[in-house]
Ligand SMILES: [Zn+2]
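In my numbering, the protein residues as written are 14 to 550.
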């Protein structure tokens with residue numbers, strides 16, 4: 014007697030191989046049979062005729078570090094079929110925390126997650142992972158160590174290179190994170206303080222990651238004018254440190270960069286041809302999202318948030334910021350370039366009536382200059398303002414998606430339609446990424462075959478992360494699975510109405526436990542913390 018049998022599904026096994034019809038049997042947390050299981054019985058039988066059974070999706074790029082502490086059910090992602098999430102991306106992780114990073118994190122939590130009881134003080138990666146485990150999570154979690162977090166811990170928001178002692182401190186904290194089970198290092202090289210680093214610093218840290226067989230995941234130093242230099246830097250880190258490189262949310266930002274995707278992909282393929290293991294991920298939307306503070310030049314962030322707020326209140330500094338945002342300074346080019354205020358939408362701030370509206374619109378209504386409006390908004394919100402930026406071309410999006418080296422990653426934190434995480438107007442990618450690829454880009458636009466789309470969501474990220482027992486439906490693998498209707502699966506979340514679960518996802522199993530059934534979360538928390546380098550991972 015098995016625990017569950019899913020009967021008659023079209024099995025898309027995650028390898029890219031064409032679908033085949035089969036029964037899939039589960040015992041405990043393991044797939045124990047695939048084929049004709051008509052001679053077997055199970056406590057739980059699922060008739061899957063006409064539906065697709067795939068391995069649970071692996072979201073290699075999330076920002077769920079803190080949201081999962083608020084609500085471990087992670088429904089926005091789970092209800093699309095995401096059974097494993099990687100946290101700690103873009104240089105920012107929940108741990109390890111020391112020094113100035115503690116206060117920075119405390120302020121961020123106060124602004125973004127007022128319900129989260131996460132008292133200040135040094136925080137170890139092992140403590141963070143234990144807290145997730147004790148709270149219970151519905152999906153599996155892997156963590157990266159954020160370089161910005163390391164840097165803020167070792168030297169605050171100081172510009173310039175670390176001295177030997179500061180670099181050793183960063184390495185020590187990174188080592189601690191890797192020992193606790195982190196899967197690698199992430200950078201966010203457009204965000205202070207990560208942006209203050211030189212390539213050599215990243216290479217030194219990536220060498221620590223190599224000792225543990227980890228990966229280097231990077232939000233590169235620029236995605237508009239400096240895109241190609243930034244990709245070259247990411248490849249250089251992989252080459253010099255000998256680590257696999259994951260380029261986050263691959264894109265060409267800004268109209269003046271549209272049409273760059275072929276060359277972008279060619280650079281990655283050329284690096285692979287000479288033996289550097291580089292891959293990338295992508296979310297399927299024409300808008301990006303991050304804090305509005307990312308528009309500001311690096312010098313404005315020096316010294317952290319209190320210093321930034323002083324500069325935002327200083328007319329001279331504002332003039333200089335405006336000039337640098339428009340013209341760049343040195344090698345730095347603002348994310349603003351190629352976006353503009355008319356395509357900059359506010360998603361999160363203290364006044365909910367501003368959410369979902371563009372800076373251009375809001376400034377015009379008040380009869381003020383949009384730069385002044387944006388600076389004031391940052392000032393009034395302690396520099397914590399979220400934004401969505403309409404900046405990516407459709408053609409580039411599809412060209413990048415069709416490339417076999419690019420997997421799917423949402424670049425979002427978990428949320429839910431109700432509860433403490435249902436705030437603001439977050440980018441719809443959190444509720445929609447995986448369902449949108451399957452609905453819009455597989456079924457409607459034909460950009461990908463279904464089997465290829467599933468491969469990009471399953472075996473490909475699994476291999477990247479060293480998850481050799483997940484990401485493929487085969488006997489002996491962990492029973493993370495999603496059952497969906499290929500005719501109706503699709504995203505429903507939009508920019509103005511982002512809190513909507515997807516259509517067509519019927520059941521989700523995590524470690525053999527049915528966690529979503531009949532379009533409901535069943536309250537199960539069978540997710541595991543997948544500690545890199547330990548048995549079973
Ligand atoms: Zn990023």
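Glycine included, every Cβ here is placed at the ideal spot set by N, Cα and C. The model shown is predicted, which means the values in this text are computed figures rather than measured ones.
- Counting only heavy atoms of ligand 1, the residues whose C-beta sits closer than 7 Å to one of them are, along the chain, 102, 103, 201, 232, 261, 262, 303, 424.
- Linking residue 176 to residue 162 through their CA atoms gives a straight-line distance of about 17 Å.
- DSSP, reduced to helix, strand and coil, places residue 353 outside both helices and strands of the structure shown, so it counts as coil.
- Residue pairing by DSSP places residue 495 opposite 67, 521 in a beta bridge.
- In this structure the region 454-471 does not lie against the region 42-60, because fewer than three pairs of beta carbons, one per stretch, are closer than 8 Å.
- Residue 302 and residue 402 have their C-alpha atoms spaced approximately 6 Å apart.
- Between the C-alpha atoms of residue 475 and residue 336 there is a straight-line separation of about 44 Å.
- Looking at the DSSP output, residue 159 shares a beta bridge with 199.
- Within the region 228-271, the complete alpha helix (DSSP H) segments at least 4 residues long are 240-254, listed from N- to C-terminus.
- In this structure, DSSP gives residue 411 a helical state, which the three-state scheme calls helix.
- Distances from the CA of residue 33 to each of 47, 321, 266, 120 were compared; the closest alpha carbon is that of 47.
- Between residue 314 and residue 205 a beta carbon distance of about 3 Å is seen, short of the 8 Å cut, so the two are scored as contacting.
- Taking residue 357 as the centre and dropping the five residues before and after it, the same chain places the C-beta of 371, 372, 400, 402 closer than 7 Å to its C-beta, in chain order.
- The C-beta of residue 339 has fewer than 16 other C-beta atoms within 10 Å across all chains shown, which makes the residue exposed.
- Burial check for residue 224: the Cβ neighbour count within 10 Å stays below 16, so the residue is exposed.
- Around the C-beta of residue 500, fewer than 16 other C-beta atoms lie within 10 Å, and the residue is accordingly described as exposed.
- Linking residue 544 to residue 91 through their CA atoms gives a straight-line distance of about 20 Å.
- The continuous stretches of beta strand (DSSP E) do not include residue 119, which lies in the alpha helix (DSSP H) extending over residues 113-125.
- Here residue 259 is near residue 228, since their CB atoms are less than 8 Å apart.
- Of the residues assessed, residue 354 falls on the buried side of the cut-off, its CB having 16 or more other CB atoms within 10 angstroms.
- Bounds of any beta strand (DSSP E) do not take in residue 435, whose DSSP letter is neither H nor E.
- Residue 295: member of the beta strand (DSSP E) spanning 291-295, first to last residue.
- In this structure, the beta-carbon distance from residue 448 to residue 495 does not fall below 8 Å.
- In the structure shown, residue 443 adopts helical secondary structure according to DSSP, grouped into three states.
- Per DSSP, residue 106 has no beta-bridge partner at all.
- In this chain, residue 40 is not harboured by any alpha helix (DSSP H); it is covered by the beta strand (DSSP E) spanning 33-40.
- Residue pairing by DSSP places residue 60 opposite 20 in a beta bridge.
- Taking all protein chains in view, the Cβ of residue 127 is surrounded by fewer than 16 other Cβ atoms within 10 Å, so the residue is classified as exposed.
- By the Cβ test, the region 146-157 is in contact with the region 526-546, since at least three Cβ pairs between them sit closer than 8 Å.
- With a 10 Å radius around the Cβ and a threshold of 16 neighbouring Cβ atoms, residue 103 comes out buried.
- For residue 47, the three-state secondary structure derived from DSSP is strand.
- A distance below 7 Å between beta-carbons, with the five flanking residues on each side excluded, links residue 407 to the following residues of its chain, in chain order: 299.
- In the three-state scheme derived from DSSP, where H, G and I count as helix and E and B as strand, residue 452 is classed as helix.
- When DSSP states are grouped into helix, strand and coil, residue 306 belongs to the helix group.
- The distance from the Cβ of residue 152 to that of residue 239 is about 35 Å, inconsistent with a contact at the 8 Å cut-off.
- By the neighbour-count criterion, in which 16 or more other beta carbons inside 10 Å mark a residue as buried, residue 477 falls on the buried side.
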